[in-house]
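Residue numbers (this note's numbering), protein chains in the order written: chain X, 1 to 192; chain G, 1001 to 1192; chain W, 2001 to 2192.
Idealized CB from N, CA, C, for every residue including glycine.
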Amino acid sequence: MNPWEPCGQPPGDRTANPPLPCTALLGIGTSTRGVAGVARPGGYPPGLAQEFPMQTTFTIRTRGAGLHEFTDEVIRFVRESGREQGLLTLFVQHTSCSLCIQENADPAVQRDLDEFFRRLVPSSDDPSMRWLTHTTEGPDDMPAHIKAALTSVSLSIPVVSGRPALGTWQGVYLFEHRARPQQRRIVAHLGA
Amino acid sequence: MNPWEPCGQPPGDRTANPPLPCTALLGIGTSTRGVAGVARPGGYPPGLAQEFPMQTTFTIRTRGAGLHEFTDEVIRFVRESGREQGLLTLFVQHTSCSLCIQENADPAVQRDLDEFFRRLVPSSDDPSMRWLTHTTEGPDDMPAHIKAALTSVSLSIPVVSGRPALGTWQGVYLFEHRARPQQRRIVAHLGA
Amino acid sequence: MNPWEPCGQPPGDRTANPPLPCTALLGIGTSTRGVAGVARPGGYPPGLAQEFPMQTTFTIRTRGAGLHEFTDEVIRFVRESGREQGLLTLFVQHTSCSLCIQENADPAVQRDLDEFFRRLVPSSDDPSMRWLTHTTEGPDDMPAHIKAALTSVSLSIPVVSGRPALGTWQGVYLFEHRARPQQRRIVAHLGA
């Protein structure tokens, strides 16, 4: 698997960004957990843990629209870096899914969130969305771009005492907006 | 007061993130200004002003939904750091309030903003929101999570010439989405 | 032209942030491309390419509401910095336009996005928006602030192998929400 290979994205009439070499990234791998497969960074060679910045890619396999949590993987990446302080930035390399930090105590919160966005931006085959013109990639594609614009493509979390400074009930999520399974990449950067 | 203590957040069936020790943070304190109390970082010990990154926590006591400005506290934190250049990141440790940068010239902008979000995401006891399932924490709780997802949990502002590079009329706000008073924490990170 | 001069922003009854000196910024200039003029950073003096952080300002002249791409300018800034790894942050110094990363393959995506936000937040002379109170700056002004709050004021993109780690079809856009031409400034910060 080439982690930089585009997935779920259309051929375009524009020049695409060239894929980045994965050799510049650390700890790419694949595992499966729950509804999503998340790439776990492995241990780092001794010297690297002392260097800034550190980068890795989380690969998440989604099984449909909704929120996919990867908080544990994020915490582990920071812990294995050996760094006590820093800034962790997450960046999703797609335009039909996004990132969010939400309550991870009651799963109903995540279902209600997803349902709100479905009602705010219905599928393009809904009569209320007849005005959409980008429809060739399926009725869920343009609404997915809109939902992504309404949420976040990047998140930055301070690292304090070797952990991302998440609040007590905050979880980190990939918010998938496409209906069919996708493979999603999130670049993580741990800097000064 | 333990600045890391959860407030306004529910007990959950999930394992909570452990509270972070406040000893890793600088300048925690409390003051009161207008409708909100904002923790002001005190002066830093001489050596610290030379080191990256610097972190502090702003604690804001809200008196209800709406925008609470803390631009002055942010500018003071940067000034007291002694740094001419850098990147300031603000991260809110809650999921029912958020951050935004908005015009601070006319207070009507802030009222209209809050009113727009109330109309877009009404209270869960409004007939149009009958489909919400996360309702045990009050009719304003799930709408608050949705409004938080629609705005920002983190903001990054370049520091230029010893000041956050805010535009002429930009102010930094905590956007409270809960109806009752809350104590909110924002972690600030000034990095390279 | 003073790149820090406010444009399209109202005189207020609040103390404005003082303009920042442009001498602290690198590579300010002006060019014109398509519907927008984008300031291109020139080459850097030899020594500078080795130092963190690097900062510049992109100035974009918009010709009306909609998305204005400046991906090429962002990539060039990173390339000319000579840095292989880092974190690029973009920050827009206005409250009636915003930033987003969206698909740059099919221009219909950008038109549909703009149209969605027009329908979600109509002009203040639309009967459904009669409740707005901040109307003195024109019927498109308060809706522009709301659209800005719904999207992003800052974006952070990891730099990998000398390039921003954008996905295959991701483009970087200024999202203009005002109807009339504006001159917009985006501060770019390339840090560790």
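is_contact[residue i, chain G] using C-beta, thresh 8 Å
| i | result |
| --- | --- |
| Asp2059 (chain W) | According to the sequence as given, residue 2059 (chain W) is Thr; it is not Asp. Closer than 8 Å: no. |
| Gly1974 (chain W) | Residue 1974 (chain W) falls outside the range modelled here, since chain W spans only 2001 to 2192, and no answer is possible. |
| Asp126 (chain X) | no |
| His2094 (chain W) | yes |
| Pro2158 (chain W) | no |
| Ala144 (chain X) | no |
| Leu2132 (chain W) | yes |
| Gly138 (chain X) | no |
Outcome for residue i when other beta-carbon atoms lying within 10 angstroms are tallied against a minimum of 16
| i | result |
| --- | --- |
| Thr1136 (chain G) | exposed |
| Glu176 (chain X) | buried |
| Ile2028 (chain W) | Note that Ile2028 (chain W) scores 34 on pLDDT, short of 50, meaning its location in the model is unreliable and no value can be drawn from it. |
| Arg79 (chain X) | exposed |
| Gly2191 (chain W) | buried |
| Trp1131 (chain G) | exposed |
| Asp1112 (chain G) | buried |
| Arg1180 (chain G) | exposed |
| Asp2141 (chain W) | buried |
| Ser1128 (chain G) | exposed |
| Arg119 (chain X) | exposed |
| Gly2171 (chain W) | buried |
| Gly2167 (chain W) | buried |
| Pro2041 (chain W) | For Pro2041 (chain W), the pLDDT reaches just 44, beneath the cut-off of 50, and the residue's location in the model is therefore unreliable, although a value from the coordinates is still provided. When all chains shown are included, Pro2041 (chain W) counts as buried. |
| Leu20 (chain X) | Caution applies to Leu20 (chain X), whose pLDDT of 48 falls short of 50 and renders its modelled position unreliable; the value that the coordinates give is listed next. The residue in question, Leu20 (chain X), is buried, as its Cβ has 16 or more Cβ neighbours within 10 Å. |
Beta-carbon contacts of residue i that lie in its chain and below 7 Å, excluding the five residues immediately before and after
| i | result |
| --- | --- |
| Gln2085 (chain W) | Val2159, Val2160 |
| Ile75 (chain X) | Arg163, Pro164 |
| Asp2125 (chain W) | Pro2139 |
| His145 (chain X) | Thr95, Ser96 |
| Ser2152 (chain W) | Ser2098, Leu2099, Cys2100 |
Beta carbon proximity, residue i to chain W, threshold 8 Å
| i | result |
| --- | --- |
| Asp1114 (chain G) | no |
| His189 (chain X) | yes |
| Arg62 (chain X) | Here the sequence assigns Thr to residue 62 (chain X), which means Arg is not the residue at that position. Not closer than 8 Å to any Cβ of chain W, the Cβ of Thr62 (chain X) fails to qualify, so no. |
| Leu154 (chain X) | Correcting the residue identity first, residue 154 (chain X) is Ser in this sequence and not Leu. Yes, contact with chain W. |
| Asp1106 (chain G) | yes |
Closer than 7 Å: residue i CB and nearest the ligand MN heavy atom
| i | result |
| --- | --- |
| Pro1143 (chain G) | Ligands in the displayed structure: none, and consequently the ligand MN is not present. |
Residue-level contact to chain X via CB, residue i, 8 Å cutoff
| i | result |
| --- | --- |
| Leu1174 (chain G) | no |
| Glu2103 (chain W) | yes |
| Gln2170 (chain W) | yes |
| Ala2149 (chain W) | no |
| Gln1110 (chain G) | no |
| Pro1053 (chain G) | yes |
| Ala1192 (chain G) | yes |
| His1177 (chain G) | no |
Whole-Å CB distance - residue i paired with residue j, under 8 Å assumed
| i | j | result |
| --- | --- | --- |
| Ser1123 (chain G) | Pro1139 (chain G) | 4 Å |
| Thr2095 (chain W) | Glu1103 (chain G) | 4 Å |
| Leu150 (chain X) | Gln110 (chain X) | Between Gln110 (chain X) and Leu150 (chain X) the Cβ distance is about 16 Å, and since that is not below 8 Å, they are no contact. |
| Thr2059 (chain W) | Gln2183 (chain W) | 6 Å |
| Leu174 (chain X) | Val92 (chain X) | 7 Å |
| Arg1178 (chain G) | Ala1065 (chain G) | 7 Å |
Own chain partners of residue i with C-beta closer than 6 Å, once the 5 adjacent residues on each side are dropped
| i | result |
| --- | --- |
| Ile1101 (chain G) | Gln1170, Val1172 |
| Ile2157 (chain W) | Leu2088, Pro2164 |
| Phe117 (chain X) | Lys147 |
| Leu2155 (chain W) | Leu2090, Leu2099 |
| His1134 (chain G) | Met1142 |
Cut-off 8 Å between Cβ atoms - residues of its own chain near residue i, not counting five sequence neighbours on either side
| i | result |
| --- | --- |
| Pro1053 (chain G) | His1189, Leu1190, Gly1191, Ala1192 |
### Task
Can you check the stretch 116 to 163 of chain X for any alpha helix (DSSP H) of at least 4 residues that lies completely inside it and give the ranges in chain order?
141 to 150
### Against chain C: residues of the stretch 2070 to 2098 of chain W by CB proximity under 7 Å
Absent here is chain C; the protein component of the structure consists of chains X, G and W.
### Task
Output the residue ranges of the alpha helix (DSSP H) runs that lie fully inside the stretch 2046 to 2111 of chain W and measure 4 residues or longer, sorted by chain position.
2071 to 2081
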